[in-house]
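Take a look at the structure below.
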Amino acid sequence: MKVLIAGGGIAGLIMGLTLHQLGIPFHLYERVKTAKPLGVGVNLQPTAVRELFSLGLAKTLAKIGVETRDYGFYTRSGVEIWTEPRGRDAGYNWPQFSVHRGKLQMALIRAVQEHCGMSSISFGCKALGFKQTDGDVTLHFETERGRQAATGDFLIAADGIHSALRAQMVPNEGPPIWNGAVMWRGTTVAKPFLSDASMILAGNDSERFVAYPISNPDPLTGDAVINWIAEKTVPLETDVDKGNWNKAVSIDRFRATFANWDFGWINVPALIAHASRVYEYPMVDRDPLSTWTKGRVTLIGDAAHATYPVGSSGASQAILDARHLGAALKKHTDPHAAAVDYEARVRPIANKVIIANRTSGGPDAIMQIAEDRCDGDFTQLDTLLPYEERAAHAEAFKKIAGISVAATNTESPIIVGHLG
Numbered sequence: 210m211k212v213l214i215a216g217g218g219i220a221g222l223i224m225g226l227t228l229h230q231l232g233i234p235f236h237l238y239e240r241v242k243t244a245k246p247l248g249v250g251v252n253l254q255p256t257a258v259r260e261l262f263s264l265g266l267a268k269t270l271a272k273i274g275v276e277t278r279d280y281g282f283y284t285r286s287g288v289e290i291w292t293e294p295r296g297r298d299a300g301y302n303w304p305q306f307s308v309h310r311g312k313l314q315m316a317l318i319r320a321v322q323e324h325c326g327m328s329s330i331s332f333g334c335k336a337l338g339f340k341q342t343d344g345d346v347t348l349h350f351e352t353e354r355g356r357q358a359a360t361g362d363f364l365i366a367a368d369g370i371h372s373a374l375r376a377q378m379v380p381n382e383g384p385p386i387w388n389g390a391v392m393w394r395g396t397t398v399a400k401p402f403l404s405d406a407s408m409i410l411a412g413n414d415s416e417r418f419v420a421y422p423i424s425n426p427d428p429l430t431g432d433a434v435i436n437w438i439a440e441k442t443v444p445l446e447t448d449v450d451k452g453n454w455n456k457a458v459s460i461d462r463f464r465a466t467f468a469n470w471d472f473g474w475i476n477v478p479a480l481i482a483h484a485s486r487v488y489e490y491p492m493v494d495r496d497p498l499s500t501w502t503k504g505r506v507t508l509i510g511d512a513a514h515a516t517y518p519v520g521s522s523g524a525s526q527a528i529l530d531a532r533h534l535g536a537a538l539k540k541h542t543d544p545h546a547a548a549v550d551y552e553a554r555v556r557p558i559a560n561k562v563i564i565a566n567r568t569s570g571g572p573d574a575i576m577q578i579a580e581d582r583c584d585g586d587f588t589q590l591d592t593l594l595p596y597e598e599r600a601a602h603a604e605a606f607k608k609i610a611g612i613s614v615a616a617t618n619t620e621s622p623i624i625v626g627h628l629g
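Residues 210 to 629, numbered by my numbering, are exactly what the sequence shown covers, in order.
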């Protein structure tokens, strides 16, 4: 069996490493001509870290990432609503990592090239579509030399939220769906806060701020790279570029909203003011699909289940997609049967997460609940929103996403063995 992978993001690269681990030939086609460490922070849940460790990436993660110790929700005035330990501090057998997405992608590219050979990835190949027969599938892609094609036994679409292959499978779907929220993302070199490895979210459904370190403190200065996200809901008629994921903008577009968010233990205005660069992203997702598979083609990662960045599950789910699909390919000689098996395991959970995040069923909904109950007077928090209710809310999302401590620790890696 020869597998074609369209897309060299996290999902596609983990898919390549997984196929190599299983001894299945593959070739990966990536859109960009030259890979660069673009993007900002992502979080990797213990379920995903377990799989990365089995691919021999433990030392890499320790070098480029931070073991997240705790995860807290706060009001828009900095009052703590709920904080819980994360990773090993929470009892998982594996840590949770916060890492710069670009550094992770570059590390994965190096791992693929080291284990599978430099020729295993072709850059500058923009996926356009596919054509299949009973016996094979052909990927069509655009290069600087014009339109080209490659044929294999199975095609995996890992080409992201704007997937051309998904568009062919679901031709009437249209663009991603915007919910009216805009995110401004940046990184700032500053002192880490709280435990020095904390992730925090503050605010409510209309205005919120997220921050966490994605580097360990410098031994000389004590500073770390702090990843942050400022988010605000605006009228739906606002002109927002929903197709550009790397649009650099001025902080004047949003800084006034967070001008008074200095909580003492974290200074939000200062983080915004000293950012090296700020990018604007619309908060978009896609509707859940009833199938991800068409014959010899299947979807993984954001191409399959783009969701709002709630609960820190996007990158982790992409990794789990690749591992579950690999396990199915190991089990079935027929690629379509493997795709159906993989989809049956993964799609129901991924679709539930999309809906939960869209309907404020994610863990960060606790901030709006506190806002509504207290009506601005957070001295009444313990009375109006009891601790037990906060704990139950936090646990509910873990069950939906399949990331509870008990469920994670009782599972072995999806594919047994290590990358050779």
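For glycine and all other residues, C-beta sits at the position ideal for the given N, C-alpha and C.
Can the beta-carbon of G265 be found closer than 7 angstroms to that of L628?
yes
Alpha carbon to alpha carbon, how far is V249 from A630? Give it in angstroms, no decimals.
Nothing in the structure corresponds to residue 630, since the chain is present only between 210 and 629.
Through-space distance from I386 to V493, alpha-carbon basis:
5 angstroms
Alpha carbon to alpha carbon, how far is L480 from K312?
21 angstroms
If Y280 sits next to R295, beta carbons under 8 angstroms apart, how far is it from one beta carbon to the other, in whole angstroms?
The distance from the Cβ of Y280 to that of R295 is about 5 angstroms, consistent with a contact at the 8 angstroms cut-off.
In three-state terms, what does DSSP make of M224?
The DSSP-derived three-state label of M224 is helix.
Taking all protein chains shown into account, do 16 or more other C-beta atoms lie within 10 angstroms of the C-beta of L670, making it buried, or fewer, making it exposed?
What the structure shows of the chain is the stretch from 210 to 629, and residue 670 is not part of that stretch, so it cannot be assessed.
Under 6 angstroms Cβ to Cβ from Q230, same chain only, skipping five residues before and after it: list those, please.
L628
Could you tell me whether the region 413-424 touches the region 570-582, using the rule of 3 or more Cβ pairs below 8 angstroms?
yes
Span of the alpha helix (DSSP H) around V317:
For the sequence presented, residue 317 should be read as Leu rather than Val. Residues R310 to C325.
Rounding to the nearest angstrom, what Cα-Cα distance links R319 and D530 in this structure?
Their backbone Cα atoms lie some 21 angstroms apart in a straight line.
Would you call V346 buried or exposed, if buried means 16 or more other Cβ atoms sit within 10 Å of its Cβ?
buried
Residue from K607, K400 and L348 with nearest C-alpha to D573
K607
I need the DSSP call for K441, collapsed to helix, strand or coil.
strand
Over what stretch of residues does the alpha helix (DSSP H) that includes L593 continue unbroken?
L590 to L593
Per DSSP, the bridge partner or partners of L364:
L213 and V506
Less than 7 angstroms between the C-beta atoms of L222 and L348, yes or no?
no
Three-state secondary structure assigned by DSSP to A512
helix
DSSP on E239, reduced to helix/strand/coil?
coil
Going by DSSP, name the residue or residues bridged to Q357.
F350
Measure the C-alpha to C-alpha separation of S329 and V321 and round it to an integer number of angstroms.
8 angstroms
Unbroken alpha helix (DSSP H) run spanning A373, endpoints:
A373: member of the alpha helix (DSSP H) spanning A373 to M378, first to last residue.
Exposure label - E239; buried when at least 16 CB within 10 Å:
That one is buried.
Simplified DSSP state of Y301, which is helix, strand or coil
coil
Cβ shell of S525 (< 7 angstroms), same chain only, five flanking positions each side left out
Closer than 7 angstroms at Cβ, skipping near neighbours: L253, Q254, T256 and A257.
Enumerate in chain order the residues of its own chain whose CB-to-CB distance from F463 is below 7 angstroms, with the five nearest sequence positions on each side excluded.
Closer than 7 angstroms at the Cβ level, and outside the excluded window around F463, lie W393, A439 and K441.
Can you name the residues that DSSP bridges to G281?
T292 and I409
With a threshold of 16 other CB atoms inside 10 Å of the CB of E323, please say whether the residue is buried or exposed.
exposed
For the beta strand (DSSP E) that contains R394, what are its first and last residues?
I386 to A399
Which partner residues does E489 have in the DSSP bridge list?
W393 and K456
Applying the criterion that 16 or more other CB atoms from any shown protein chain within 10 Å of the CB defines a buried residue, is V241 buried or exposed?
exposed
Start-to-end residues for the alpha helix (DSSP H) that takes in A420:
Per DSSP, A420 belongs to no alpha helix (DSSP H); it is in the beta strand (DSSP E), E416 to P422.
Between I273 and Q357, what straight-line distance do the alpha-carbon atoms span, to the nearest angstrom?
36 angstroms
If you follow the alpha helix (DSSP H) that A547 is part of, which residue opens it and which one closes it?
P544 to R567
Within 10 Å of its beta-carbon, does P518 have 16 or more other beta-carbons around it, so buried, or fewer, so exposed?
Its Cβ being crowded by 16 or more others within 10 Å, P518 is buried.
Here's the rule: buried if 16 or more other CB atoms are within 10 angstroms of the residue's CB, otherwise exposed. What is E620?
exposed
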